[in-house]
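Numbering-wise (UniProt numbering), the sequence shown opens with residue 1 and increments by one.
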Amino acid sequence: MKKYTIVIFAGLLILGLSSSCRKQLDLAPVSSVTDGNFWKTADQFDSFVAGVHTQFRANNSAFQTLGEMRADIFATDPGTNGTFTGEATQGFERLWTQNLNLDNPGISSFGGFYTNINQLNLLISKLNSTDIVSATNKNYYLGIAYGMRAFYYFQLYRSWGNVIIQTEPTSGSTLNISNLAKAASPAADVLALIKADIDKSVSSFGSDYSFRNLKSYWSKSATLMLKADVYLWTAHRGNAAADAATAKSALTDIQTNVPALQLLPKYSDVFATTTKGNNEMIFVSHYQFNEATMSFVQSSFVPQSGLISNFYDSLANRQFSPTIDNWGGLLRAPVRIAAFRAFNDKDSRKLASIQPAYQKLADGTFKIAGCFTDKYQGEQNAGARLITNDFPIYRYADLLLMLAEAKVALGESPVTELNLVRARAFGANYDATTQGFPNQTIDANPTEAILQERFFEFVFEGKRWYDLRRAGDSFVYEHTTLPASQAYALFWPVDRTTLTNNRLLVQTAGYASF
């Protein structure tokens, strides 16, 4: 029998969220856990499922980079060579200037996704050959595994097109099947696998629409959100009516069977550390004090405390303070001033997503210097800020706006869904006659209206680049720095190391190989 290296990760900590899992696990030391001494108890399956979610969380930085960093949110502003605080961008600028190549690929090793794909393959294999796990958990875990594998392959499909398909577990210690001596499969085959896995996930979950562990475990609703995401993508590329109808059906399935899901009244509450597992969230990557923090935020997206203290919050007419505004980060990727200014001042999402910083002039007036994202404010501990907010993958606002998109594709009105989102955004300032659909100027083009609403709603949730790509290539050229003459760069290059390790792989068309 093949020996597979089992990676438990730090996922055991996730089990602490569920009182039903607070048992003493009968595990060998992680360094010696292999296929021969694992899979012996139901608790071991539980811990492995926790592990694949922990590894999923480790991929959040890649999800955010692939889904947003090449769009029109982040950039240094015209006339500057660095961020407004003076910190160097250190290569991040290649993302928003579309200047990627095999040595500067933006993302290496296919995001590291194949590590967890291999774990999911192993989980599927073991679940399909065991009678140790209860029927309820077995079906739920299969629903998770197929759904999460489809999600990974959808990331790969949208980003590289042709990629390696591997649905059987591979042995070895690296668990990096991108380095197998195996050629990539055509994008059409990857899409077929994604849709097949989605169907298997839905079937496995059956009638179980429950959420587990504060919505940090994949669920049937997460699979249905992915299904809508996938079929809207294909609806914009042919077979529009049938695929849009499939997307609409998946979304209304969630609404019918999970009626507790709804928009929270206050936008900022959706992301607060005190409201985790709230009724707007559908699937999140969970972070917890003394367990894990969203470190990629502080490593690149928020400023050093000492540097931000040189600027002002104009609304409060106060200079930023290192003890209050102690982001403790490095600002490699600032938010564009133009992106901040695109919001209506009455839109609560503006200041709940983006923090502007101003210079105070000699005459007492303020001049904007730059911006950074502050959607995830974390919590304070011993004078330090820890980013422990949950990172949303799917939430109810996404459901509403995808439903609006499906309706437009079907020739129906998106008024209900768009206006629910807009009304929450403007709160007491909402005036349907000026802010409601179809009364804004942009509403003359419903696709642009939905794209704009998604822009405002999902800043720093890894959506914008994928949204523009889904709507069609022309929207990418219109809203980003990528010109139509560089159409090959809609996809990402394969890095040099991956091409070297697997000589059966070929470079993404349009990029230099070596």
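The beta carbon of each residue, even a glycine, is placed where N, CA and C say it ideally should be. Computed from a predicted model, the values in this text were never measured in an experiment.
Nearest-angstrom Cα separation, counted from residue j out to residue i
i	j	result
Y141	D467	29 Å
A235	D46	37 Å
L504	A145	28 Å
T252	L232	14 Å
E448	I442	7 Å
G143	R341	42 Å
A150	K195	7 Å
I337	G67	20 Å
F106	S299	One detail in the question is off: residue 106 reads as Gly in this sequence, not Phe. For G106 and S299, the distance between alpha carbons rounds to 16 Å.
W492	W465	12 Å
A272	G36	43 Å
D189	N60	25 Å
T170	N162	20 Å
N279	L261	5 Å
T498	Q507	10 Å
F311	L386	22 Å
S159	N502	19 Å
G51	A362	56 Å
Y157	A242	21 Å
S474	Q452	15 Å
P78	A240	39 Å
L420	E87	40 Å
Simplified DSSP state of residue i, which is helix, strand or coil
i	result
D313	strand
V494	coil
E412	coil
I393	strand
P356	strand
A235	helix
T174	Any answer about T174 is weak, because its pLDDT of 48 lies below 50 and its placement is not dependable; what the coordinates show is given next. The answer is coil: DSSP assigns T174 none of H, G, I, E or B.
T302	Contrary to the premise, residue 302 reads as Val rather than Thr in this sequence. In this structure, V302 counts as coil in the three-state DSSP scheme.
V506	coil
I117	helix
Q380	strand
V30	Unreliable positioning characterises V30 in this predicted model, as indicated by a pLDDT of 39, which lies under 50. The coordinate reading is nonetheless provided below. V30: helix per DSSP, three-state reduction.
R385	strand
A58	helix
R332	coil
A489	helix
A406	helix
Span of the alpha helix (DSSP H), counted from its first residue to its last, around residue i
i	result
S285	Run containing S285: none in the alpha helix (DSSP H); it sits in the beta strand (DSSP E), M281 to S285.
Q306	A small fix is needed here, since residue 306 is Gly in this sequence, not Gln. It spans S305 to I308 - the alpha helix (DSSP H) in which G306 sits, taken as one unbroken run.
T416	V415 to F426
I450	P446 to E457
I144	A135 to W160
R470	R464 to A471
R94	E93 to W96
T434	A432 to Q435
F205	A187 to F205
R341	I337 to R341
Start and end residues, beta strand (DSSP E) containing residue i
i	result
Y257	The displayed chain sequence assigns Asn, not Tyr, to residue 257. Taken as a continuous stretch (DSSP letters only), N257 belongs to no beta strand (DSSP E), being part of the alpha helix (DSSP H) at A240 to N257.
G370	F366 to T373
Residue nearest to residue i in terms of C-alpha spacing, selected from the options
i	options	result
N445	E405, A382 and G510	E405
Y488	N99, F340, E93 and R57	N99
I198	K215, A188, A187 and S221	S221
S295	R424, V258 and Y376	Y376
residue 529	S61, G111, K126 and K138	Absent from the model: residue 529. The displayed extent of the chain is 1 to 514, so no value can be given.
Q380	A240, T323 and A247	T323
F74	T85, W96, S134 and L156	W96
G306	V133, N239 and S321	S321
S185	S268, K360, Y153 and P259	Y153
G112	G86, D363 and F56	F56
F289	L193, A382, L180 and F38	A382
S219	N257, Q359 and A428	N257
A58	T293, L122 and V49	T293
T434	L351, A384, R470 and N344	N344
S203	A181, N213, K227 and Y217	K227
Presumed contact (8 Å Cβ cut-off) between residue i and residue j, rounded CB distance
i	j	result
L315	F372	Contact doesn't hold; Cβ gap of about 16 Å is too wide.
L401	I354	That pair is no contact at about 19 Å.
L263	Y394	Incorrect: roughly 14 Å between the Cβ atoms, too far for contact.
A425	D347	5 Å
A512	L102	6 Å
V284	D390	4 Å
G378	P334	Not really, about 19 Å apart at Cβ, beyond 8 Å.
T76	E93	7 Å
G462	F63	5 Å
F205	R349	32 Å between Cβ atoms; not a contact.
Y287	T388	5 Å
Any chain C beta carbon closer than 8 Å to residue i
i	result
L180	Structure shown: chain C not included; a single protein chain is present.
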